[in-house]
Amino acid sequence: MPTPVHPQPFVIQPPADLVQQQPALRHASQALARHYAAGHFVNEDALKAIGQQLWQALALDAALAPAFDQARQQAGAHILPVLIDSPAAAIQQLPWETLYHPLHGFLGKTNGFTLARRVLAQPPAPLAPEPGPLRVLLFTTLPDDIDAEKSRLDVEEEQAQLLEALTGWILQGLVVLEMPDDGRFSTLQDYLQNFQPQLLFFSGHGKFVQPPYRDATPYATLLFESATGGSEVIHEDQMANLLLGSSVQCVVLSACESGMTASDALTNGLTWRLSQLGLPHVIGMRESVLDRAGTLFARHFCDAVARRERIDVALQQGRQAITTPLKDSPYLLKESTKASAKDSSGLAEQSLGQWCLPMLITQEPSLLLIDWHFTPQPAATQLINQTLQTITLPPRFLGRRMELRQLQSRLRQGQLRQLLITGPGGQGKTALAGKLAQTLQARGYQVFAWSARPGHTWGDFLFELEFPLTQENAERYNRMAPSDASEAKRASVLLRLLLQQYGDRLVLFFDNLETIQDPTTHTLTDGSGASSTNHRLVAWITAAQTLTQQGLILLLTSRWQLPGWPDADHLPLTHASYGDFLQMARPQLPLSFFQDLNRLRRLHRTLHGNGRGLTFFAAAIQSMPSQAETAFLATLAHAEIETQTDMALAQIVQHLAPAAVTLLHRLPAYQTPVPLEGIVKLALDLPAPDALLEQLLAVSLIEPSYAYDLQTLEYQLSPLVGAWLRQQGIPAPSQALLQTAARYQRYLFEQERRTLTQAIIVHGALRLAGETDAADRFALDWILGPLSRQGLYETLLTEWLPIICQSANAQIRGEALNQTGKQHLHLGNF
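In the working numbering, the protein residues as written are 38 to 867.
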């Protein structure tokens with residue numbers, strides 16, 4: 038329930054000539070501003086001194102004190118709102134947030150009061166708020182060219198604090214939160230138009246500019262990110278025009294100096310400008326605010342708003358939260374560089390003058406942001422993966438703001454042409470590399486991706502590379518890289534042709550390389566000969582590296598660094614931060630976790646921020662009593678990261694229905710994602726196969742993705758789960774099941790997905806099922822023909838003709854040689 042507030046505010050209307058009558062107020066105010074500008078910490082005594090001066094100046098009106106006492110008495114146990122009401126710029130320049138009452142103390146942070154400002158004599162009639170949920174946008178800007186030591190904002194901590202405050206409300210369907218990782222002005226414009234937030238947090242750097250020449254108009258600026266990652270200065274006019282007519286009911290400008298005004302006009306300064314445009318509530322910072330203070334203020338303010346508090350009440354609670362902003366802060370030394378180490382511990386208990394900086398200008402403090410009388414719809418929890426060719430990506434990229442920004446900036450500036458991302462499993466290597474690939478794809482790059490997982494053959498990937506070649510380039514490829522050429526030669530020629538064809542915008546993305554690395558030497562060469570995937574991949578990586586200065590970008594992921602890989606192009610991914618972990622946990626863990634933040638932080642420490650471990654942990658505890666969950670978490674705390682995942686999987690499978698376990702054991706029959714009907718084909722003898730699939734989905738053992746060509750969901754056993762099943766000694770699917778899977782893949786090709794890629798999948802499925810003649814006949818009819826028409830003769834000779842000519846069926850071998858015009862070749866060559 039919201040805090041009860043007295044309906045009638047106590048309005049203070051200072052005399053318009055108060056500053057002229059009391060010039061000491063202006064001097065004290067300017068001295069205080071200079072302290073903040075110089076980075077000096079302001080103690081409570083200094084704030085009390087100027088706050089007392091302000092009250093004494095008001096008390097010259099003999100009627101003020103008795104009227105205030107009467108209003109306080111009438112409010113009773115309710116909060117008494119206090120409004121400083123004046124259109125005079127000189128009056129509003131004073132630090133009214135420090136107003137100090139002889140009995141009640143600071144009215145701007147004391148329980149029982151709120152303190153806000155009003156500048157419009159006749160504010161526009163407020164519109165009726167729309168029904169919820171409350172849409173909140175946290176928009177952060179962090180240009181690359183700001184001072185990393187002195188000016189970098191801790192946006193990750195701010196996001197974590199806001200997530201902690203709002204996740205419970207989000208899960209209940211009361212709040213929707215967006216936190217884009219792109220700080221461009223155009224991105225803010227898109228979110229205002231499409232997301233239409235009612236509450237906007239802007240976190241960045243701002244500056245109040247007083248031009249040096251006479252009669253020049255002062256103005257405020259904000260630093261956004263440019264298209265190249267540097268700073269883009271946005272004038273207050275542009276920001277004001279952007280918010281004009283938007284859905285925003287309250288904007289919180291957590292930017293340095295965002296609340297400052299000129300001495301002669303209230304329209305100067307962004308906070309004042311937005312208020313005069315008619316925004317119901319505008320909160321700005323009167324002076325430069327500590328990063329830590331701004332973060333804590335945002336968290337507690339937003340939490341109060343979600344509890345349906347009025348804006349002025351939420352503001353008061355936010356101020357109280359930053360009375361001692363460095364208390365319990367791990368960032369104490371970073372934020373107190375002007376103090377000696379000896380004095381830094383004492384700073385934690387000091388006010389530092391931060392609480393009085395948030396300033397609210399409101400038309401009507403009782404005006405709510407939304408109509409809270411609505412039926413909440415809890416957020417959907419089903420997560421649909423994305424796909425990038427053979428690589429599965431999470432439904433939405435979460436966190437890793439710092440790494441993503443640095444890498445994207447280096448890519449934009451041409452400083453990064455090859456990148457190897459390494460780290461433990463479940464830390465988001467594939468997600469981060471995939472996000473970079475998708476960003477490059479949006480910029481016009483052609484992306485070719487391959488994952489070193491079972492079912493993803495290197496030959497299939499080469500077809501993906503060769504098939505898009507134009508007829509002219511295919512002929513060049515055949516001429517310049519004949520079948521007897523080395524793998525390095527073929528790789529170099531093909532990549533050069535693709536670069537030329539795609540305008541020097543080409544990305545190669547190789548994922549999950551640890552599966553084909555030697556665990557001791559970490560090399561990709563296993564000594565099994567030139568035909569091995571490992572040896573061929575080395576040749577392609579080497580060829581790609583020689584072309585990075587011509588436009589090719591190479592992205593690799595593995596648990597281990599490749600020998601000889603340059604450190605400058607290597608990103609060892611550390612454990613996910615608590616903020617990132619929170620974002621991953623929000624759609625997976627029950628609400629009870631977010632009502633006990635110590636429990637959530639303990640889970641983060643135990644799982645080392647591992648996203649994959651979190652997914653399986655969340656599934657494992659679904660039906661667990663709290664006592665068993667505590668014991669399970671304690672056991673996990675003493676296990677290695679990989680062992681944690683195995684333990685969670687064992688716990689999940691142990692609680693599955695027998696029929697669901699049976700279906701799980703059959704799913705390795707498919708090497709690629711298939712629609713629901715394909716899964717059902719494997720489970721016709723089981724009760725309600727679609728319900729069994731839902732059980733496996735609910736505990737994250739199966740990965741869903743969307744097939745845009747079929748306009749339906751597809752499903753595949755998680756590769757990690759498949760590997761775990763093999764480790765448990767679960768027998769491979771029977772030949773009958775493999776034949777069923779192969780028949781379905783063929784049906785899919787013949788009826789719905791008539792593509793070369795699907796044809797290759799069918800061929801592999803038939804051979805896996807032991808139907809060699811059928812596989813080779815299928816390849817003869819549906820693969821060699823298209824490749825021949827495409828002009829990819831070297832692919833025919835080096836990849837497919839050898840496979841088919843190994844067939845025991847002499848008729849098929851003869852037809853293959855005739856179709857490719859190689860009748861003179863001796864079959865012994867293959």
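For glycine and all other residues, C-beta sits at the position ideal for the given N, C-alpha and C.
query	result
Runs of 3 residues minimum, wholly inside the region 396-447: which ones carry the beta strand (DSSP E) assignment?	423-425 and 428-430
Which residues in the same chain have their Cβ closer than 6 Å to the Cβ of His11, if we skip the five residues on either side of it in sequence?	No statement about residue 11 is possible, as the shown extent of the chain runs from 38 to 867 and does not include it.
So if DSSP puts Gln483 in a beta bridge, which residue, or which two residues, is it bridged to?	Leu543
Bridge partners of Ser614, per DSSP?	Bridge partners of Ser614: none, in fact.
Quick one: give me the first and last residue of the beta strand (DSSP E) that Gln130 is part of.	Element bounds for Gln130: n/a, residue is neither H nor E.
In angstroms with no decimal places, state the Cα-to-Cα distance between Trp602 and Leu593.	11 Å
I need the boundaries of the alpha helix (DSSP H) containing Phe815, first residue and last residue.	Thr809 to Trp819
Once DSSP output is grouped into helix, strand and coil, what is the label at Ala257?	strand
From what residue to what residue does the alpha helix (DSSP H) around Ile716 run?	Leu713 to Lys718
I'd like the list of long-range same chain contacts for Ala53, defined as Cβ closer than 6 Å, with 5 residues on each side in sequence excluded.	Ala125
Give the DSSP-derived three-state secondary structure of Cys287 in the structure shown.	strand
Nearest-angstrom Cα distance between Gly801 and Leu477?	32 Å
So Cys393 and Glu134 are supposed to be a Cβ contact under 8 Å. How far apart are they, rounded?	4 Å
Can you tell me which of the three DSSP states Ala676 falls into?	coil
What do you reckon, are the CB atoms on Pro712 and Thr672 nearer than 8 Å?	no
For His692, write down the residues that DSSP places opposite it in a beta bridge.	None, per the DSSP bridge assignment.
In angstroms, rounded to a whole number, what distance separates the CA positions of Gln107 and Gln93?	18 Å
Give the secondary structure of Val754 by DSSP, where H, G and I count as helix, E and B as strand, and everything else as coil.	Sequence check: residue 754 is Leu here, not Val. Leu754: strand per DSSP, three-state reduction.
By DSSP, does Ser381 sit in helix, in strand, or in coil?	Low local confidence applies: a pLDDT of 49 at Ser381 is under 50, so the model's placement there is unreliable, with the coordinate-based value given in what follows. Of the three classes helix, strand and coil, the one that applies to Ser381 here is helix, per DSSP.
Taking the alpha-carbon of Leu444 as reference, which of Ser291, Leu229 and Pro609 has the nearest alpha-carbon?	Pro609
Give, in chain order, every unbroken run of the beta strand (DSSP E) that is at least 3 residues long and sits entirely within the region 212-248.	212-215 and 236-246
Tyr707: which of Leu729, Gln688 and Ala769 sits nearest, CA to CA?	Ala769
Cα separation between Leu430 and Glu751?	14 Å
Let's see if you can read the secondary structure: which residues bound the alpha helix (DSSP H) around Met517?	Gln508 to Met517
Given that a residue counts as buried once 16 or more other Cβ atoms are within 10 Å of its Cβ, and exposed if not, what is Arg791?	exposed
Assuming the contact rule is C-beta atoms closer than 8 Å, Ile678 and His641 should be a hit. Round their C-beta distance to whole Å, please.	Actually they do not touch by this definition, with Cβ atoms about 13 Å apart.
Am I right that Gly807 and Gln772 are in contact with their C-beta atoms under 8 Å? What's the rounded C-beta distance?	6 Å
Take Glu551 as the anchor and find which of Phe631, Ser523 and Gly460 has the nearest alpha-carbon.	Gly460
Within 10 Å of its beta-carbon, does Leu69 have 16 or more other beta-carbons around it, so buried, or fewer, so exposed?	buried
May I ask you to verify whether the region 197-214 touches the region 620-628, counting CB pairs closer than 8 Å and requiring at least 3?	yes
Would you please state the rounded distance, in angstroms, between the beta carbons of His612 and Gln464? I believe it to be under 8 Å.	7 Å
Determine contact between the region 677-693 and the region 651-659, defined as no fewer than three beta-carbon pairs at a distance below 8 Å.	yes
Flag this pair as touching only if the region 323-335 and the region 267-274 have three or more C-beta atom pairs under 8 Å; answer yes or no.	no
Is the beta carbon of Thr585 sitting closer than 8 Å to the one on Glu346?	no
Kindly indicate which residue of Leu700, Gln732 and Arg804 has the alpha-carbon position closest to the one of Leu762.	Leu700
Buried or exposed, going by whether 16 or more other CB atoms sit within 10 Å of the CB of Leu561?	buried
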